[in-house]
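If you want the numbering used here, it's the 1-based position in the sequence shown plus 476.
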Amino acid sequence: MRKVILLRKKKGAWTRQYFENYIKFGFIEGDDNKPLCVICNAELSNESMKPSKLNRHLELKHPEYKEKPIDFFINRRRQLKSAKKNMTSMFSLSPQTENLVLASYKISKLIAETGYPHTVGEKLILPVMKIISPRICEKKQEKQVNLLALSNNTVKRRIVDMANNIEETIVGHLKSCLYFSLQVDESTDVSDNANLMCFVRYDLGNTSHEELLFCKSLPTRTTAEELFNLINRYIIENGIEWKKCVGLSSDGARAMSGIRTGLFPRVKAVAPECVWVHCSIHREALAVKKMPLSLTETMQECVKFINFI
Numbered sequence: 477m478r479k480v481i482l483l484r485k486k487k488g489a490w491t492r493q494y495f496e497n498y499i500k501f502g503f504i505e506g507d508d509n510k511p512l513c514v515i516c517n518a519e520l521s522n523e524s525m526k527p528s529k530l531n532r533h534l535e536l537k538h539p540e541y542k543e544k545p546i547d548f549f550i551n552r553r554r555q556l557k558s559a560k561k562n563m564t565s566m567f568s569l570s571p572q573t574e575n576l577v578l579a580s581y582k583i584s585k586l587i588a589e590t591g592y593p594h595t596v597g598e599k600l601i602l603p604v605m606k607i608i609s610p611r612i613c614e615k616k617q618e619k620q621v622n623l624l625a626l627s628n629n630t631v632k633r634r635i636v637d638m639a640n641n642i643e644e645t646i647v648g649h650l651k652s653c654l655y656f657s658l659q660v661d662e663s664t665d666v667s668d669n670a671n672l673m674c675f676v677r678y679d680l681g682n683t684s685h686e687e688l689l690f691c692k693s694l695p696t697r698t699t700a701e702e703l704f705n706l707i708n709r710y711i712i713e714n715g716i717e718w719k720k721c722v723g724l725s726s727d728g729a730r731a732m733s734g735i736r737t738g739l740f741p742r743v744k745a746v747a748p749e750c751v752w753v754h755c756s757i758h759r760e761a762l763a764v765k766k767m768p769l770s771l772t773e774t775m776q777e778c779v780k781f782i783n784f785i
């Protein structure tokens with residue numbers, strides 16, 4: 477009788493090896509050296525790598541196949557490997573396809589940055605590329621241009637994907653950083669809908685970062701309670717710790733800076749280390765509108781210095 481080969485995996489643990497004649501029981505070698513049934517795709521433990529246990533599975537689970545010849549199971553193995561190969565190729569992208577997807581994302585990013593409608597991709601950019609490509613590209617590259625996805629829905633989906641990825645990155649940084657500060661501003665859009673913009677500044681890797689955290693519409697009124705509930709809901713849902721918040725900057729509106737019922741005392745209640753800073757950028761913007769030209773140029777240089785710092 478042939479001895480079953482056992483390999484020591486850990487102290488007190490053994491790994492049973494697969495033998496080619498186990499195919500007569502309808503089993504092939506699966507991942508992590510485990511037996512895989514070619515009929516039901518069930519993966520057994522390594523301890524079941526025994527003829528008796530493999531045969532028991534065949535007789536109990538698939539009694540109608542126990543009298544089948546070994547060629548039947550070999551064909552099933554071939555079909556299983558072919559299906560697995562097709563599935564892998566279905567979900568893997570060729571280098572050409574990857575380049576097309578990457579180009580679609582970069583063009584969608586450019587459309588978002590310029591503020592043009594999403595339809596500009598299929599109505600202007602793609603037709604222009606089709607005009608240029610026959611004159612400067614080879615035929616193979618020219619065909620690739622026709623496969624570039626720039627429809628209205630595709631551009632929208634690409635922009636949403638990138639926005640979600642950026643948001644996940646920023647939230648991950650806020651979870652890892654030691655502290656952060658918030659700057660909030662409430663304004664109305666062209667449709668007179670109230671929106672709250674929240675910027676965040678945090679220190680990570682000895683470098684300060686400043687990003688737009690979110691811009692959300694307010695459900696009802698622009699009261700301090702609604703403002704805090706919106707910010708608090710976002711902080712909690714994303715698993716960010718309030719205790720890391722050490723600063724809050726806003727304008728002098730009563731809903732923001734009220735001593736008793738404003739936004740700041742509500743934030744202070746959940747972030748004891750938070751300090752409020754009055755942002756007077758609105759007043760400064762109004763003051764420089766009627767400033768003489770000579771002072772305007774000086775002010776612009778000062779603004780550049782401050783922004784750099």
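Glycine included, C-beta positions come from ideal geometry on N, C-alpha and C.
Non-local beta-carbon contacts of V743 in its own chain, meaning distances under 6 Å to residues more than five positions away in sequence, involve L724, C750 in chain order. In chain order, L626, S627 place their CB closer than 6 Å to the CB of E598, counting only its own chain and leaving out the 5 sequence neighbours on each side. In the structure shown, S684 falls within a strand segment according to DSSP collapsed to helix, strand and coil. Residue environment for F501: buried (at least 16 other C-beta atoms within 10 angstroms of its C-beta).
The beta carbon of C691 sits closer than 8 Å to the beta carbons of N671, L672, M673, C674 from its chain, once the five residues preceding and following it are set aside; these are given in chain order. No Cβ-Cβ contact shorter than 7 Å links A588 with I515. With respect to the C-alpha of E523, the residue from P695, E643, P768, P511 having the closest C-alpha is P511. For T696, there is no enclosing alpha helix (DSSP H), as DSSP gives it neither H nor E. Close CB contacts of W718 within its chain, under the 7 Å cut and outside five residues either way in sequence, are with I711, V746, A747 (chain order). Rounded to whole angstroms, the separation of the alpha carbons of T573 and Q659 is 42 Å.
Within the region 635-680, no alpha helix (DSSP H) run of at least 4 residues lies entirely inside it. One thing to note: S693 has its Cβ within 7 Å of the Cβ of N669. Straight through space, the alpha carbons of R730 and N705 are spaced by roughly 17 Å. Take the alpha-carbon of L654 and the one of D679: they are about 7 Å apart.
Taking C-beta atoms as the reference points, L530 and Y498 count as a pair closer than 7 Å. Given a length threshold of 3 residues, each whole run of the beta strand (DSSP E) inside the region 486-551 is given here in chain order: 489-492, 503-505, 511-513. The residues V631, R634, I635, in chain order, have a CB closer than 6 Å to that of S584 in the same chain once the five nearest residues on each side in sequence are set aside.
Rounded to the nearest angstrom, the gap between the Cα atoms of D665 and A700 is 19 Å. Listed in chain order, the beta strand (DSSP E) elements of length 3 or more contained wholly in the region 734-779 are 751-754.
When DSSP states are grouped into helix, strand and coil, L626 belongs to the coil group.
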